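Residue numbers (full-length UniProt numbering), protein chains in the order written: chain A, 1 to 182; chain B, 1 to 182. Think of the CB as a built atom: it goes at the ideal place given N, C-alpha and C, for glycine as much as any other residue. Computed from a predicted structure; not experimentally measured.
Number of protein chains: 2
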Amino acid sequence: MRRADARSNRDRVVAAAREAFAAAGLEVPMREVARRAGVGVATLYRHFPTRTELVATVLAERVADCGVQMRRALDDPDPWRALAGVVRVFAERQIHDRALNEALLGPGAVGAAFQEERREHAQALNVLVVRARAAGVLRGGVDADDVRAGLLAIASLRRLPAATSARVIGRVADLVLAGIRA
Amino acid sequence: MRRADARSNRDRVVAAAREAFAAAGLEVPMREVARRAGVGVATLYRHFPTRTELVATVLAERVADCGVQMRRALDDPDPWRALAGVVRVFAERQIHDRALNEALLGPGAVGAAFQEERREHAQALNVLVVRARAAGVLRGGVDADDVRAGLLAIASLRRLPAATSARVIGRVADLVLAGIRA
DNA sequence: ATGGAAACGGAGCAGGCGTTCCGCTGTGGG
DNA sequence: CCCACAGCGGAACGCCTGCTCCGTTTCCAT
Chain A
1 MRRADARSNR DRVVAAAREA FAAAGLEVPM REVARRAGVG VATLYRHFPT
51 RTELVATVLA ERVADCGVQM RRALDDPDPW RALAGVVRVF AERQIHDRAL
101 NEALLGPGAV GAAFQEERRE HAQALNVLVV RARAAGVLRG GVDADDVRAG
151 LLAIASLRRL PAATSARVIG RVADLVLAGI RA
Chain B
1 MRRADARSNR DRVVAAAREA FAAAGLEVPM REVARRAGVG VATLYRHFPT
51 RTELVATVLA ERVADCGVQM RRALDDPDPW RALAGVVRVF AERQIHDRAL
101 NEALLGPGAV GAAFQEERRE HAQALNVLVV RARAAGVLRG GVDADDVRAG
151 LLAIASLRRL PAATSARVIG RVADLVLAGI RA
């Protein structure tokens, strides 16, 4: 089995897809990913039999990254800083990675692959909110679903024209934080 | 000139497009709009030479509606109620009309046709914010761009699956209001 | 009633997408 | 070193889109 070149091609495809998805969203044509990777479409399809699988592979990395951030937040002894940090990091990522957004907002197929991770994140967020509430830093009546809604709002903004989205995302993140704080 | 049937067909096309766009977004195929209107595609194209023109025609109605709401808010003597009302009405509309969202967020071509109305709305919003700030009901540092960012966030949420978007939009609207209030 | 133009419908065109097929290339075990 | 075959590139297929062409229908002035 001649793995050397095949494996290197696979890596190049994943790298090209990662960049393309981050920059232009998940709807980049397969031809374009292949072109960026410097391979033919057939090569791409040999490693990823369907578009969905390529997308899932690239997103898996990103989702894993988010898990790391979450665990870091859980280690923070300051409840407000932990929660605010999650919101800010999330916003920051949305600014730089368009794919992440569509993983959350995309209809069924794409997001479905990460149900487990998603539940894990939700669990962690619940913990952060409970701690923050116990510390009295949250406005009355605010619950984890409010924070989730805020995060979704931030994520959705990624679809704005790139020129303005960064600033708007920053403002909304501040708005959300002001809206949940006591 | 045989206007009777032509005119009635035009009306049916606009009505069909309005419904289809509100329900399924601006990306509904022309064939589908024609089918819903009970006419052939050629008829549709005779009245609207290009897809963009059909979209613009339908959105013009919606944008005009928003202008009415804005003027109503300007007449409200209570500055907070006026501003909060705008946010709430806007959120309510996003829930029921998917097209409105894409008019705001869609890239260039679509939104460009309404620059004038948009500026008018922006102007009105500025007035509302200035009044609210003068009345001391806004948190320090909040400006019109923050409110605009909040509205954009609400609008962006329309792309979530229909099942959850209504509730999430409601929560975010509350979050935004909490975030700007003193 | 009747002619002719305005208006119609649906087949057809060009272009873009995801995916597949197939003849060639170049790698690495013997 | 050499040649079998894993692996390759790009042309091709089927489907969907916006849009156009043209033979046929239908209204309305006469």
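Kindly list the residues whose CB is nearer than 8 Å to the CB of residue 80(B), restricted to its own chain and excluding five residues on each side of it in sequence; keep chain order. 132, 135, 137, 181
Closer than 7 Å between beta carbons: that is the criterion. Which residues of the stretch 135–153 of chain B meet it against chain A? 139, 145, 146, 149, 150, 152, 153
Buried or exposed by the 16-neighbour rule on C-beta atoms within 10 Å, applied to residue 174(B): buried
Would you say residue 156(B) faces chain A, with C-beta separation under 7 Å as the test? yes
Throw me the rounded Cβ distance for the residue 28(B) and residue 13(B) pair, which I believe falls under 8 Å. About 12 Å separates the two Cβ atoms, so there is no contact after all.
If you draw a straight line from the alpha carbon of residue 184(A) to that of residue 59(A), how long is it in whole angstroms? Limits of chain A in this structure are 1 at one end and 182 at the other, which puts residue 184(A) out of reach.
Check whether chain B comes within 7 Å of residue 24(A), counting only Cβ atoms and requiring the distance to be less than that. no
So which residues on chain A does residue 180(B) lean against when the C-beta distance must stay under 9 Å? 175, 178, 179
What are the complete alpha helix (DSSP H) segments, minimum 4 residues, inside the stretch 134–173 of chain A? 144–156
Could you say if the stretch 83–98 of chain B and the stretch 14–28 of chain B meet the contact criterion of at least three C-beta pairs nearer than 8 Å? yes
Measure from the C-beta of residue 109(B) to each C-beta in chain A and report whether the shortest distance is under 7 Å. Because residue 109(B) sits at a pLDDT of 46, beneath the cut-off of 50, its placement in the model cannot be relied upon, and the following sentence gives the value as read from the coordinates. Cβ-Cβ to chain A under 7 Å: no for residue 109(B).
Would you mind working out which of 40(A), 84(A), 66(A), 91(A) sits nearest residue 158(A), comparing C-alpha positions? 91(A)
May I have the straight-line CA-CA distance separating residue 176(A) from residue 87(B), to the nearest angstrom? 15 Å
Reference residue 7(A); option with closest CA among 30(A), 26(A), 17(A), 46(A): 46(A)
Can you find a CB in chain B that lies within less than 7 Å of the CB of residue 118(A)? no
Output the distance between the C-alpha atoms of residue 39(A) and residue 52(A), rounded to the nearest integer angstrom. 19 Å
One or two residues paired with residue 181(B) in a DSSP bridge: 138(B)
Pick from 31(B), 30(B), 120(B), 147(B): whose alpha carbon is nearest that of residue 63(B)? 120(B)
What number of angstroms, rounded off, separates the C-alpha of residue 50(A) from the C-alpha of residue 9(A)? 17 Å
With a threshold of 8 Å on Cβ separation, who are the neighbours of residue 154(A) within its own chain once the five nearest residues in sequence on each side are excluded? 87, 90, 91, 94, 169, 172, 173, 176
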